[in-house]
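Quick note on numbering: the sequence shown equals residues 0 to 87 in numbering that gives the first Met the number 0. Data first, discussion second: the structure below is written as structure tokens.
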Amino acid sequence: MNRYTFLSSLALLALIIAIPYYALQEQTRLSDAQNELQAQYIENGAVLYLEFCGECHGPTGEGVGLNPALNRLGMAEADPDVLFKIIA
Numbered sequence: 000m001n002r003y004t005f006l007s008s009l010a011l012l013a014l015i016i017a018i019p020y021y022a023l024q025e026q027t028r029l030s031d032a033q034n035e036l037q038a039q040y041i042e043n044g045a046v047l048y049l050e051f052c053g054e055c056h057g058p059t060g061e062g063v064g065l066n067p068a069l070n071r072l073g074m075a076e077a078d079p080d081v082l083f084k085i086i087a
């Protein structure tokens, strides 16, 4: 067996082992990426809320004066599209 055949066989064996290992790790990688992205969205949303909404609705959504509270149960169950249109 010459050197090129041996190296080719070794590379093929490495691929045969590496590809299934990578495929098994893919679900964990996707889950971690999704959790990281969700945390980033929450952080960005909190910054935007405090900048544009917190003055009228309070820092925790409790409502200030005539401005309604946002931390009530009905708001959590509301349709996201309707809420988006109201905010816009």
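Quick reminder that beta carbons are idealized off the backbone N, C-alpha and C, glycines included.
Annotation for residue 53: the continuous alpha helix (DSSP H) segment containing it runs 53 to 56. Here residue 81 carries a helix assignment [DSSP, helix/strand/coil]. Secondary structure at residue 46: helix, using DSSP grouped into helix, strand and coil. Counting along the chain, residue 75 sits inside the alpha helix (DSSP H) bounded by residues 72 to 76. Judged by beta-carbon spacing, residue 76 lies beyond the 8 Å limit of residue 68, meaning their Cβ atoms are not closer than that value. Assigned with DSSP and collapsed to three states, residue 66 falls in coil, not helix or strand.
When the alpha-carbon of residue 52 is set against those of 80, 25, 86, 28, the nearest one is in 86.
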